[in-house]
Amino acid sequence: MMRNIVLILMLAFMVLLSGCNIVGALLYPIFGGTSKKVDAEYEGLEGKKIAIFMIAGSNIEYEYSMEMRNLPLTAANLIGKHVKDVSFVDANEIWKDKFSNETEWISKPISTLAKQFGAERVIYIEFYDFTIYAENSINLLQGQARATVKIYEIDSDQPDRIVHETRITTEYFSEPRLKNPEQESRVRSGIVAKFADELAKKFYDHKTE
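For the sequence shown, the numbering used here assigns the number 1116 to the initial residue and increments by one for each residue that follows.
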């Protein structure tokens, strides 16, 4: 008890001399950091078969075709680790069907497309920006992704109604980096992982520092 009092007095003295930043760093390993609980935005995935549909401009789908194919796989893996009893439609099956029947994907209702895969929920991601480059540059790398995410409950009596809508804006590399093969590989995989993580966290409670 006396030891704790002495420690507190010493820390208070240090506040007067050095300000709060140094003391905060000293207090962290003693008392721990503060974390905030973030509730899931949507909790209706549990026990359901899910299809992840993605749409983007033709320039994005052409230039980042590998990233567009890897992203739903990465997201499904993360969601499956945190949400109970979920299963996913094979992302490769969705990809093949989409590019074999582009007209149908434009004209058919979401529910019709989902039912052909036996999906009970659809996570519909519409990208309006996806790039590995910093703004107005082709030599500086900074992954950026912006999208609208919509949820459809296909097994409900209103399967084409959007039951939840949210947005994701994220980046990889806080500061732009000069382009080279190693950094390009990092940003390509990094922006996929970062976006998938942000997406998955929409569906389960988690903590943030």
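Cβ coordinates follow ideal geometry from the N, Cα and C atoms, glycine included.
These figures come from a predicted structure and were not determined experimentally.
Query, Result
"For a test of the three-state rule: what should DSSP assign to F1318, helix, strand or coil?", "helix"
"If we count Cβ pairs, one from each stretch, closer than 8 Å, do we get three or more for the segment 1228–1239 versus the segment 1251–1271?", "yes"
"For the ligand GDP, I want to know if G1172 counts as a neighbour, meaning its beta carbon is within less than 8 Å of at least one of the ligand's heavy atoms.", "No copy of the ligand GDP occurs in the structure displayed, which carries no ligand at all."
"DSSP beta-bridge partners for F1214?", "Per DSSP, none; premise fails for F1214."
"Where does Y1319 land, buried or exposed, given buried means 16+ other C-beta within 10 angstroms?", "buried"
"State the DSSP-derived secondary structure class of E1324, mapped to helix, strand or coil.", "coil"
"Are there 16 or more other CB atoms within 10 angstroms of the CB of L1293, so buried, or fewer, so exposed?", "exposed"
"If you reduce the DSSP assignment to three classes, tell me which class Q1298 lands in.", "helix"
"Exposed or buried, which one is V1307 when buried takes at least 16 other CB atoms within 10 Å?", "buried"
"Answer with buried or exposed for E1182, where buried requires no fewer than 16 other C-beta atoms within 10 angstroms of its C-beta.", "buried"
"Tell me the rounded alpha-carbon separation between A1229 and N1295.", "40 Å"
"By the DSSP assignment, the beta strand (DSSP E) with E1235 in it spans what residues?", "Unbroken run through E1235: none, as it is neither H nor E."
"Spell out a yes or no on whether the segment 1191–1205 and the segment 1242–1251 are touching, meaning 3 or more CB-CB pairs, one atom from each, closer than 8 Å.", "no"
"Could you give the distance in angstroms between the alpha-carbon of N1207 and the alpha-carbon of N1254?", "32 Å"
"Look up Q1259 in the DSSP assignment and give the residues it is bridged to.", "T1246, E1286"
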